[in-house]
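Each protein sequence line maps, in turn, to chains Y and F. The opening position of the first sequence corresponds to residue 4 in my numbering, with each subsequent residue numbered one higher. The opening position of the second sequence corresponds to residue 148 in my numbering, with each subsequent residue numbered one higher.
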Amino acid sequence: MSGLETRGLVIDVPGRSAGRPLDLDIAPGQRWGVLGPNGAGKTTLMHTLAGLRAPRTGEVRLDGRPLARLRRRDLARRLGVVFQERHDDFPATVRETALIGRHPYLAPWQQEGPEDHARAEAALERLELAHLAERELATLSGGERQRVSLATVLTQAPGVWLADEPTNHLDLHHQVAVMGLLAEQADQGRSLVMCLHDLNLAARWCSHLLLLFPDGEACWGPAEAMLVPAALERLYDQPLTCVEVDGAPVFVPRR
Amino acid sequence: MAGARASRASLAPLAWLALAGLFAQGLALALGSVALAPGELLAVLAGDGEALHRTLVLELRLPRALAAFGTGALLALAGALMQILLRNPLADPYVLGLSGGASVAALAAMLAGLAATLVAGAAFAGALASTLIVFGLAHGGGSWTPTRLLLTGVVMAAGWGALITFLLAVSPVERLPGMLYWLMGDLAYAGSPWPVLAVAATGLVVVLPLGRTLNVLARGGLQAAALGVAVRPLEWTLYLLASLVTAVAVTTAGSVGFVGLMVPHMLRLRLGNDQRVILPASLLAGGTLLTLADSLARTLIAPQQLPVGVITALLGVPTFLYLLHRSRR
């Protein structure tokens with residue numbers, strides 16, 4: 004299974020002078036959460052980790068090989084991205100959208116075969132979307148559309164998952180269901196990095212955390228070492244109250 | 148299985164469109180100053196029939212009908228490709244200023260009194276020059292987005308538009324009708340149909356293996372890259388291919404409007420947006436539409452001929468509005 008490392012990585016955020024170089028070791032089975040206020044560079048970091056954006060300095064390695072030296076198609080078989088933004092300018096159904104996850108595995112002339120369809124159907128089933136398979140994307144609610152994006156990556160079946168706010172638009176039940184799905188992927192030996200805005204989801208589901216400060220400062224490590232109220236208050240510039248429920252810390256913003 | 152079902156389902160519309168294309172060719176061969184009954188037309192195609200009929204059909208009507216089909220096919224293909232390239236369903240083959248460059252060069256050649264073949268050559272050169280200028284300017288700083296390409300092209304088109312108006316203003320009155328017909332699109336001087344047909348066939352062979360990749364590109368550049376598409380080389384390929392295809396079409400028939408914008412759109416309303424279906428369907432439907440439009444342009448107020456661009460819009464607008472009204476997408 005695949006692991007992701009960064010060495011001396013400084014992401015390229017326009018207008019930011021520098022920042023602390025990131026030396027992350029994201030091993031298979033680990034569930035990393037990236038926390039930070041708006042504009043801290045979480046999405047930029049995700050795109051850089053995916054090889055979609057060049058870093059300012061340093062490099063990202065997948066199983067020891069720099070991303071820049073991998074072919075896009077090989078990379079897409081091993082690393083999948085759940086994007087925060089989507090461009091649904093053209094009509095497409097839910098089923099077609101899940102099925103594009105098989106693109107990196109197919110030759111140009113090749114049609115999707117029974118196995119590809121079976122994988123897409125299983126992914127739709129897993130995200131409780133099977134009954135919407137024939138629906139147009141434009142007719143879906145925000146939360147349903149978010150689950151379709153997850154179904155595409157589940158169909159893609161990569162060893163590394165990068166999920167940018169995977170619980171966006173989701174109701175409580177589906178937030179928990181999606182976090183459970185992502186945790187299950189990690190338990191099967193995949194690596195997982197996700198940007199989150201909800202401290203409590205992060206506290207409950209992440210094994211490791213990376214805190215990104217707006218000035219480019221950063222710290223990272225095992226979740227229990229990072230979930231220090233003082234650090235989180237400084238991260239969000241927001242006073243917090245911390246209580247313990249079911250053995251996990253719960254953070255409530257103070258007025 | 149589902150895969151076989153999908154490909155069978157996608158072949159049926161293509162078969163219907165091919166039949167429609169054949170029907171349109173038959174109509175184009177039969178209609179005109181001397182109308183032929185179906186039996187007479189079949190006799191000519193089988194190798195006999197009256198000498199007059201043979202001349203009419205094989206030497207006059209058939210080349211023009213085939214040129215109309217090829218031109219319409221190229222325009223619809225170019226429109227479908229431009230819409231994916233710019234991720235904008237409102238793009239057409241001319242949106243990046245290509246027809247403007249061709250028009251300025253063609254009108255200048257007409258103003259200079261050059262022969263029809265030289266006018267066509269000038270149009271082709273103008274189209275390619277405009278393509279290269281937009282390519283170079285949008286490439287500029289090294290990074291570009293579809294929006295930047297679109298803006299560059301739209302501004303170039305506006306510049307060409309001003310030059311066209313200038314050329315029309317300074318041209319002698321007796322040259323104006325020919326110029327206006329060229330601007331609206333006209334197949335009267337199409338010449339041999341083989342260049343457009345050969346380019347249409349080549350274009351289809353080039354884009355068909357790209358079909359699934361284009362489906363992914365339609366979801367946005369980042370999403371496509373994350374699924375293994377080498378986005379930048381693909382986008383340049385699309386741009387150059389669509390430009391070349393449009394340049395050949397414009398050289399053959401002037402800037403015929405509407406086909407490139409509306410044909411891919413109409414097809415998407417009925418068939419969804421799988422490029423493996425939409426691209427060949429666009430070729431067939433665009434060719435059929437322009438063949439029918441040209442037949443009407445020749446015959447509606449015969450012996451006078453109308454510019455075919457008028458008919459494509461008059462036929463296409465109500466058809467499109469009807470499809471849009473009926474669809475639930």
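Virtual Cβ for every residue (Gly too), placed ideally from N, Cα, C.
In the structure shown, residue 223 of chain Y falls within a strand segment according to DSSP collapsed to helix, strand and coil.
Residue 431 of chain F is not a Cβ neighbour of residue 425 of chain F, given a cutoff of 8 Å. Residue 221 of chain F places its beta carbon less than 8 Å from that of residue 346 of chain F.
Distance from the Cα of residue 371 of chain F is smallest, within the candidate group Y:65, Y:53 and Y:224, for Y:53. In the DSSP assignment, residue 446 of chain F falls outside any beta strand (DSSP E) and within the unbroken alpha helix (DSSP H) covering 422-446.
Taking a Cβ-Cβ threshold of 7 Å, the residues of chain F close to residue 53 of chain Y are 373, in chain order.
The three-state secondary structure of residue 251 of chain Y, taken from DSSP, is strand.
For residue 163 of chain Y, no chain F residue has a C-beta closer than 7 Å to its own C-beta; the minimum C-beta separation is roughly 12 Å. Distance from residue 229 of chain Y to residue 214 of chain Y at the Cβ level is roughly 6 Å; contact confirmed, criterion being Cβ atoms closer than 8 Å. For the pair residue 259 of chain F and residue 400 of chain F, the Cα-to-Cα distance works out to about 20 Å. If you check each beta-carbon in the segment 215-239 of chain Y against every beta-carbon of chain F, none falls closer than 8 Å.
For the C-beta of residue 106 of chain Y, the chain F residues within less than 7 Å are, from N- to C-terminus, 359, 363, 374 and 375. Within chain Y, the C-beta atoms nearer than 8 Å to that of residue 419 of chain F come from 94, 95, 96 and 99, in chain order.
Annotated as distal: residue 356 of chain F and residue 161 of chain F, with beta-carbon spacing of 8 Å or more. About 6 Å separates the beta carbon of residue 366 of chain F from that of residue 90 of chain Y, a gap short enough to meet the 8 Å contact definition.
Where residue 119 of chain Y is concerned, the enclosing alpha helix (DSSP H) starts and stops at 117-129. With a beta-carbon spacing of about 38 Å, residue 385 of chain F and residue 205 of chain F fall beyond the 8 Å limit used to define contacts. Assigned with DSSP and collapsed to three states, residue 170 of chain Y falls in coil, not helix or strand. Nearest to residue 438 of chain F by C-alpha distance, out of F:185, F:463, F:383 and F:360, is F:463. At a Cβ-Cβ threshold of 8 Å, residue 163 of chain Y and residue 170 of chain Y do not count as neighbours. Exclusion of the five residues before and after residue 396 of chain F leaves 218, 221 and 222 as the residues of its chain whose Cβ lies within less than 6 Å of its Cβ. Look at the segment 166-183 of chain Y: it has no residue with a C-beta under 9 Å from a C-beta of chain F. Shown here for residue 353 of chain F: same chain residues with a beta carbon closer than 8 Å to its own, the five before and five after excluded, namely 388 in chain order. For residue 164 of chain Y, the three-state secondary structure derived from DSSP is strand. With respect to the 8 Å criterion, residue 140 of chain Y and residue 375 of chain F are not classified as neighbours on the basis of their beta carbons.
Counting other Cβ atoms within 10 Å of its Cβ, residue 111 of chain Y stays below 16 and is therefore classed as exposed. Nearest Cα to residue 60 of chain Y within the set Y:28, Y:20, Y:46 and Y:38: Y:20. Burial of residue 457 of chain F is indicated by the presence of at least 16 other C-beta atoms within 10 angstroms of its C-beta.
The Cβ atoms of residue 255 of chain F and residue 314 of chain F sit closer than 8 Å to each other. Per DSSP, the beta bridge partners of residue 68 of chain Y are Y:65. Among the CB atoms of chain Y, none fall inside 8 Å of the CB of residue 454 of chain F.
Note: residue 83 of chain Y is bridge-paired with Y:164 in the DSSP secondary-structure output. Taking a C-beta distance under 8 Å as the contact criterion, residue 215 of chain F and residue 441 of chain F qualify as a contact pair.
Close to residue 90 of chain Y, with beta-carbon spacing below 9 Å, are these residues of chain F in chain order: 234, 365, 366, 367, 368, 369 and 370.
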